[in-house]
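S.K.: In the numbering used here, the protein residues as written are 69 to 437. Cβ coordinates follow ideal geometry from the N, Cα and C atoms, glycine included.
(1) What does the Cβ neighbour count give for residue 431, buried or exposed, with the cut at 16 atoms within 10 Å?
(2) With 16 as the cutoff for other CB atoms within 10 Å, does residue 346 come out buried or exposed?
(3) Going by beta carbon distance, what residues of the same chain come within less than 7 Å of residue 417, once the five residues before and after it are set aside?
(4) Let me confirm a value: residue 311 is counted as buried when at least 16 other C-beta atoms fall within 10 Å, else exposed. Which label applies?
(5) Using the Cα positions of residue 178 and residue 155, report the straight-line distance between them to the nearest angstrom.
(6) If you follow the beta strand (DSSP E) that residue 139 is part of, which residue opens it and which one closes it?
(7) What's the gap between the Cα of residue 385 and the Cα of residue 362?
(8) Give me the DSSP bridge partner(s) of residue 297.
(9) State the beta-bridge partners of residue 380 as determined by DSSP.
(10) Among 373, 241, 145, which residue has its Cα nearest to the Cα of residue 327?
(11) What does the Cβ neighbour count give for residue 500, buried or exposed, with the cut at 16 atoms within 10 Å?
(12) Please report how far the alpha carbon of residue 257 lies from the alpha carbon of residue 265, in whole angstroms.
(13) Nearest to residue 157 by CA position, among 322, 203, 263, 250, is which residue?
(14) With distance defined between alpha-carbon atoms, name the residue in 103, 340, 249, 382 nearest to residue 318.
(15) Find out if the Cβ-Cβ distance for the pair residue 216, residue 194 is shorter than 9 Å.
(16) Which of the three DSSP states is assigned to residue 73 in this structure?
(17) Assign residue 267 to buried or exposed, taking buried as 16 or more other Cβ atoms, counted over all protein chains shown, within 10 Å of its Cβ.
(18) Please report how far the alpha carbon of residue 331 lies from the alpha carbon of residue 191, in whole angstroms.
(19) Examine the Cβ distances between the region 140–150 and the region 106–118 and report whether three or more of them are shorter than 8 Å.
(20) Which complete alpha helix (DSSP H) runs does the region 159–245 hold, if anything under 4 residues is left out?
(21) Measure from the alpha carbon of residue 303 to the alpha carbon of each residue in 260, 426, 99, 275, then state which is nearest.
(22) Need the endpoints of the alpha helix (DSSP H) that residue 90 sits in, please.
(23) Along the chain, where does the alpha helix (DSSP H) that runs through residue 344 open and close?
(24) Rounded to the nearest angstrom, what separates residue 297 and residue 170 at their Cα positions?
(25) If you compare alpha carbons, which of 117, 79, 369, 270 is closest to residue 301?
(26) Can you tell which of 95, 130, 123, 396 has the C-alpha that lies nearest to the C-alpha of residue 284?
(27) Please name the residue or residues paired with residue 373 in a DSSP beta bridge.
(28) Between the Cα of residue 420 and those of 281, 230, 105, 120, spot the shortest distance and give me the residue it belongs to.
(29) Just to confirm my understanding: we take residue 201, look at its own chain, exclude 5 residues before and 5 after, and list those with CB closer than 6 Å. What are they?
(30) Pick from 336, 150, 313, 238: whose alpha carbon is nearest that of residue 70?
(31) Could you give the first and the last residue of the continuous beta strand (DSSP E) run that contains residue 151?
(32) How many angstroms separate the CA atom of residue 122 from the CA atom of residue 116?
(33) Does the structure place the region 90–103 close enough to the region 274–281 that three or more beta carbon pairs sit under 8 Å?
(34) DSSP puts residue 101 in a beta bridge; with which residues?
(35) In the DSSP output, what is residue 125 paired with across the bridge?
(36) What residues in its chain sit with their C-beta under 8 Å from that of residue 138, if we drop five residues either side in the sequence?
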């Protein structure tokens, strides 16, 4: 039986953590024994325990933490690990360094980002190419970014993120409107993202203000409501910006929520406003709920929302007028919303299913051992 250790620095609640949880849930017990190790506490720890997966704390102070590498080598020997699967550079480098302490495992790393790292990373990536590793890129955009940063194409495989379509389609009910006091006739545009600078919430809020300047607050007699789900470092700053621009009455800052399906099923439009996005699990989840999508044209989003899939609208990050016009168009046109929603669900079922992601990842593991 293959023994895999998923190693992550922060066991948080974002798209990467959902990716790890999905892999663990689908693979554990299916010819694979899964283990989990982390540095910083977060919701993923309890979610892994709920799956019956053994959990270990491994302090990782930096990318080059020798003590962490030594501890990882010991843990892998103790658990007889075959593969360590990492997600970010800190744990990736620590896994590689652990080989200096006799750790003979194969290292697989998934790249979830597309923006350029530190110049030194290019040198390190060239060295890594000679060191029994495999890298999974979640999009072709992420693959191109890795190659630009010095990694050899032969060491990279593209495996798109996948979502469990059955989970998102089996229950169409939602109580989010009643819970938050949103009128049933209102139109809800939802965003699910951590509040941090690269996620672009201030760009969205400025676009909302422009939308109301040019279109007014109602569309076909229905009030527009924006539901921003998530927490993080820029949350208070964004609340202040909404008040300054006079749009706070139209925005609900819902904080972190774990009931993603409930929220998406009660909404009408999904908006991704990120400055960087390797692919976007939240976009795929929204499409699985038959929501039309507005997304910034960054990273791998064009591999999902494009002229072929016809499931939404792409705009340039920072284009306030473009975002406002896209929101206005979908708020006004119910037929277009329905068309994009149908096409989005079809696209996810055909191209971004969790079963395809799992099988391709399992194949990477087989090639390692």
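M.R.: According to the data block:
(1) exposed
(2) buried
(3) 233
(4) exposed
(5) 5 Å
(6) Run containing residue 139: none in the beta strand (DSSP E); it sits in the alpha helix (DSSP H), 134–147.
(7) 11 Å
(8) 260, 323
(9) 361
(10) 241
(11) This structure cannot settle anything about residue 500, because the visible part of the chain is limited to 69 through 437.
(12) 20 Å
(13) 203
(14) 249
(15) no
(16) strand
(17) buried
(18) 44 Å
(19) no
(20) 187–196, 208–216, 233–237
(21) 260
(22) 83–95
(23) Element bounds for residue 344: n/a, residue is neither H nor E.
(24) 44 Å
(25) 270
(26) 396
(27) DSSP output for residue 373 lists no bridge partner at all.
(28) 230
(29) 175
(30) 150
(31) 151–154
(32) 8 Å
(33) no
(34) 71
(35) 106
(36) 166, 169
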